[in-house]
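A.B. asks: Just so we're aligned: the sequence shown equals residues 1 to 156 in this note's numbering. Using N, Cα and C, we set each Cβ at its ideal position, and we do this for glycine too. Keep in mind the model is a prediction, meaning the values are calculated, not measured.
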Amino acid sequence: MHQSAVRAFLIRLCRNSALADDLAQETFLNAFRKLASYKQSGGFASWLFGIAYRCFLQHRRSEKRALEVHNQLHLLVDADEQFYETLAPVQRDLERALMQLEAKQAAAISLNMSIGFSHAEVADIMDMPLGTVKSHINRGLAKLRELLQHPHESEI
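The following block contains the structure:
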């Protein structure tokens, strides 16, 4: 039920469809293992996306050189053109602009605007204060506006 949304969220974060598939699989395995700890006070989707986001963060932490990973991710975007070929030019520009945001900004915007979670749900998923989530969204949207006004000046 949530597989494609989780995978799309992870693709936006890690910018690599093969890695997103691995992280999505890890997400669902972790969710299955932790199903007994799920408290029905929040939504199941919020709980699941929280696991997905933590899987992504754990993956990022395991990389020793963040700058090297960042550069590799940009190279992988070029290799992963199949994903972008299916998008309309406007969507392609938006995805490329999202990739230029900080990971936390891209995650917060994707969860809120693409997937439809409230700010409070995003804060719960990302395990950060509500005000911080709102700041990430506002700063990210400002950067997106700037990038989309001149989409080809800051190409990857």
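For a test of the three-state rule: what should DSSP assign to P89, helix, strand or coil?
C.D. replies: Three-state DSSP puts P89 in a helix.
A.B. asks: Please classify K134: does DSSP put it in a helix, a strand, or coil?
C.D. replies: helix
A.B. asks: How many angstroms separate the CA atom of L57 from the CA atom of S4?
C.D. replies: 19 Å
A.B. asks: Look up L98 in the DSSP assignment and say whether it is helix, strand or coil.
C.D. replies: helix
A.B. asks: Would you say the stretch 26-36 touches the stretch 127-137, given that touching needs at least three Cβ pairs under 8 Å?
C.D. replies: Taking a contact to require three or more Cβ pairs closer than 8 Å, the stretch 26-36 and the stretch 127-137 do not qualify as touching.
A.B. asks: So, helix, strand or coil for N16, using DSSP?
C.D. replies: Looking at N16 - three-state DSSP - the assignment turns out to be coil, as it is neither helix nor strand.
A.B. asks: To the nearest angstrom, report how far apart K104 and N112 are at their CA atoms.
C.D. replies: Distance between K104 and N112, taken at the CA atoms: about 12 Å.
A.B. asks: Count the other C-beta atoms from every protein chain shown that fall within 10 angstroms of the C-beta of A123, then say buried if there are 16 or more, exposed otherwise.
C.D. replies: buried
A.B. asks: Buried or exposed: which applies to S110, given that a residue is buried once 16 or more other Cβ atoms fall within 10 Å of its Cβ?
C.D. replies: buried
A.B. asks: For W47, which option in M99, T86, A120 and R92 has the closest C-alpha, if you only look at C-alpha atoms?
C.D. replies: A120
A.B. asks: What's the gap between the Cα of L19 and the Cα of Y53?
C.D. replies: 13 Å
A.B. asks: May I have the straight-line CA-CA distance separating L29 from I125, to the nearest angstrom?
C.D. replies: 17 Å
A.B. asks: Go through its chain and collect everything with a Cβ distance to H136's Cβ below 6 Å, but skip five positions before and after it.
C.D. replies: K104, Q105 and A108
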